[in-house]
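K.L.:
All letters in the sequence shown, in the order written, are residues -29 to -1, 1 to 339 by mature numbering (1 follows the signal peptide of the UniProt record, and there is no 0). Note that CB positions come from ideal geometry on N, CA and C, so glycine has one too. Computed from a predicted structure; not experimentally measured. Pasting a structure below so you can have a look.
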Amino acid sequence: MSLQPGGFAALDMSFTLSLRLLLLHDTQALEDLDPDDFDEWTKRGPVGKLHNLVVWINRSNKATVILRRLQDDDPDKNYPGTLDVVLDNCTRWLSQYYMIERAIKLRRYLEELVDITIQTNRKLARSRSKVEKSRSSLPSCLEEDNLLTDADWEALNWFSNILAMFNSCLLRLEGDCHVRLRKGGAEAQYGMVWQVAIAYEFLLSTLERAKTESADRPESSYLSACINSAWAKLNKYYTKLDETPIYYAATVLHPGIRWAFLTRAYSGREGWIDKARYLIQTLWEEEYRDLPAQWEIADSNLPVAVRAREYNPFDSFQDELMSYPNSEEESVADEFERWQSTKQDTFSKHDNPLEYWSAKRPCNGCRM
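Structure below.
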């Protein structure tokens, strides 16, 4: 059984397609919406207005200088130096999230910049001839209908909170499983296979909450269509994990999780937990149970224990699973079942599951 390095490989396609739907990049996949109406909303809606504003600032040296000066002159600013706007693009993961996140942080300066530009334009207009007045020098993004309102900013905050969940998941799963020195001096490894199924559940639950919340929003029909389509795309690929049971097995073999995740996530889904048990048991019996006991891992290939790191929502979601009680008290038949039925080991959420199993060798559970 071949497996690409890094847990993100298993999420890559579904993550890409669901984000395209959520970020309004794939209007053809959205049902029950008039394409022309939807295109107009994406241009005139909060994200479209912000994009146009950021494009103007990014292209205007004068606007950029004013934006920086406004920050320099603010004694209450809580970060060093100055920040520029972030322009989104179609090639960078979650670039719209980074654009929105930065804009929210710069909101008061952006509003001051807009006000200064509009007032300056009005003063200049008074001194122009009638012919010159007919040709407005005001950027289209600063025309009254295109300005960001308080309601638009509130919508951007709401949308940013959803995208932040995707970002927190991306930060943990985009990696090659190797331990490296990270920002802030902490060592960590990202892209672990045991996180894949958990990540799907985390993102699906995020979209389910967003769907409920979107019903009360003024632009609910458009947002609901995006969220529903993104959820459907994620769920489609989530169900394909059955084709590669190693993702379930890696989660169950994590000594801090075991069956807690699958028991909790699949409690209301008839047949899912039984299917997962069958797949993992079959994997064990057919590929690992009867292997010779003489098997070793080269110590040089084992990563060191992962140390403490900066927390994000995906980490908290995993911690809840580790505190969820396991209830495996079935009759003991072989090595794997004995391990499942034993009392859960004391295991830090920051420890490396590979080290845990290496310490138990020689055993075929270690090889699995």
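1) Given a cut-off of 8 Å on the beta-carbon distance, is the pair V85 and M70 in contact?
2) Please state whether the Cβ-Cβ distance between L65 and L134 is less than 8 Å.
3) Do K33 and N117 come within 8 Å of each other at the CB atom, strictly closer than that value?
4) Do P284 and L250 come within 8 Å of each other at the CB atom, strictly closer than that value?
5) Cβ of T222 within 8 Å of Cβ of W165?
6) If you reduce the DSSP assignment to three classes, tell me which class C61 lands in.
7) Use the C-beta contact count for L119: other C-beta atoms within 10 angstroms, 16 or more gives buried, fewer gives exposed.
8) Leaving out the 5 sequence neighbours to the left and right, which residues in its chain are closer than 7 Å to I75 when beta-carbon positions are compared?
9) Please give me, in chain order, every unbroken run of the alpha helix (DSSP H) with length at least 4 that falls completely inside the segment 31 to 97.
10) Just the Cα atoms here: how many angstroms apart are A37 and E172?
11) Beta-carbon within less than 7 Å of E72's beta-carbon, same chain only, minus the 5 sequence neighbours each way: which residues are those?
12) With distances taken from CA atoms, which of A220, D55, G52 is nearest R248?
13) Taking the alpha helix (DSSP H) that L119 falls in, what are its first and last residues?
14) Helix, strand or coil: how does DSSP classify Q(-2) here?
15) What would DSSP say about D261, mapped onto helix, strand or coil?
16) Excluding sequence positions up to five away, which residues of its chain have a Cβ less than 6 Å from the Cβ of L4?
P.N.:
Walking through what the data contain:
1) Cβ atoms of V85 and M70: not closer than 8 Å.
2) Contact flag set, yes.
3) Contact: no.
4) Taking the C-beta atoms as reference points, P284 is found no nearer than 8 Å to L250.
5) The Cβ atoms of T222 and W165 sit closer than 8 Å to each other.
6) Per DSSP, reduced to three states, the secondary structure at C61 is coil, with no helix or strand assignment.
7) It is buried - the Cβ of L119 has at least 16 other Cβ atoms within 10 Å.
8) Result list for I75: L127, N128, S131, in chain order.
9) Positions of the alpha helix (DSSP H) runs, each at least 4 residues long and wholly inside the segment 31 to 97, are given as 32 to 43, 66 to 76, 78 to 97 in order along the chain.
10) The residue asked about is misnamed: residue 37 is Ile in this sequence, not Ala. When rounded, the distance between both Cα atoms is 44 Å.
11) Within the same chain, E72 has close Cβ partners S131.
12) Closest by alpha carbon: A220.
13) Counting along the chain, L119 falls outside any alpha helix (DSSP H), and DSSP gives it neither H nor E.
14) Confidence is the limiting factor: at Q(-2) the pLDDT is only 49, short of 50, which leaves the residue's position unreliable, though a coordinate-based value still follows. Look at Q(-2) here: in three-state DSSP terms it is helix.
15) Three-state result, D261: coil.
16) Because the pLDDT of L4 is 45, which lies under 50, any placement of that residue in the model is unreliable, and the question is left without a value.
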